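Participant:
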Amino acid sequence: MSERHPLQGLMEPYTRHVLVCVGGYCARDRGGRAIYSQLARLLEREGLLFGPTRVKRSEAPCLGVCTGGPIVVVYPEGTWYAGVTPELLERIVVEHLKGGQEVREAVFHRLAEPPAP
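Next comes the structure, spelled out in C-alpha cells:
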C-alpha cells in the first residue's frame with residue numbers, strides 16, 4: 002500500500018520551472034540577479050505567478066556553463082537560453098512560458114530525450 006508523503010499537497014502545482022544562473026562566472030556583471038528580479042515582474046504581469054498556469058522560478062548559483070550568461074533554463078522542456086537580456090527575457094516569458102514557443106535563436110542547448118527502455 003502506498004503512503005502519502007507528509008508534504009504532499011502543501012505546494013501548488015506549476016506548469017514550468019525557470020532556473021536563472023546568478024553566479025559570477027557566466028556573466029561577469031552578475032546580470033543574472035537583475036534577470037531573476039525582472040522575471041518575477043514579468044510573470045506577474047503575464048498572469049503566470051499564481052493559478053493553473055503558475056511558473057516557479059529559482060536562483061541557481063551555477064549551472065556549469067560559466068560563459069555566455071546570464072543563462073536561463075526552462076523545465077520541463079529542458080530549454081537553455083544564453084545571453085539573456087531584459088528584452089530577451091520578456092520574449093521568453095511571453096513567447097515560451099505563456100505562448101508555448103521557444104525563442105529559437107537564443108537556445109543553445111536542449112535536454113536530451115531519455116533513452117528508450
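Plus 1 on top of the position in the sequence shown (first one is 1) and you've got the working numbering.
All C-beta atoms, glycine included, are put in the ideal place defined by N, C-alpha and C.
From a predicted model like this one, the values you see are computed outputs, not experimental measurements.
#1: Let me know if Tyr76 comes out buried or exposed under the rule of 16 or more other beta-carbons within 10 Å of its beta-carbon.
#2: If the criterion is Cβ atoms closer than 9 Å, does the pair Val21 and Ala83 meet it?
#3: Buried or exposed: Leu112, going by 16 or more other Cβ atoms within 10 Å of its Cβ?
#4: DSSP puts Ala61 in a beta bridge; with which residues?
#5: Let me know if Leu49 comes out buried or exposed under the rule of 16 or more other beta-carbons within 10 Å of its beta-carbon.
#6: Entirely within the region 24-102 and at least 4 residues each: give me those alpha helix (DSSP H) ranges in chain order.
#7: Would you list the one or two residues that DSSP bridges to Val104?
#8: Between Ala107 and Glu4, what straight-line distance do the alpha-carbon atoms span, to the nearest angstrom?
Facilitator: Quick look at the numbers:
#1: Position 75 of the sequence shown, counting from 1, holds the residue named residue 76. Result: exposed.
#2: Looking up residue 21 in the sequence shown gives position 20. Looking up residue 83 in the sequence shown gives position 82. No; because the gap between Cβ atoms is not below 9 Å, this pair is not in contact.
#3: As a first step, residue 112 is located in the sequence shown; it is residue number 111 there, counting from the start. The residue in question, Leu112, is exposed, as its Cβ has fewer than 16 Cβ neighbours within 10 Å.
#4: The residue given as residue 61 occupies position 60 in the sequence shown. Beta-bridge pairing links Ala61 to Cys22.
#5: In the sequence shown, the residue the question calls residue 49 occupies position 48. With 16 or more other Cβ atoms within 10 Å, it is buried.
#6: 32-46, 87-92
#7: Looking up residue 104 in the sequence shown gives position 103. Answer by DSSP bridge pairing: none, since Val104 is not bridged.
#8: If you number the sequence shown from 1, residue 107 lands on position 106. If you number the sequence shown from 1, residue 4 lands on position 3. Rounded to whole angstroms, Ala107 to Glu4 spans 43 Å at the Cα level.
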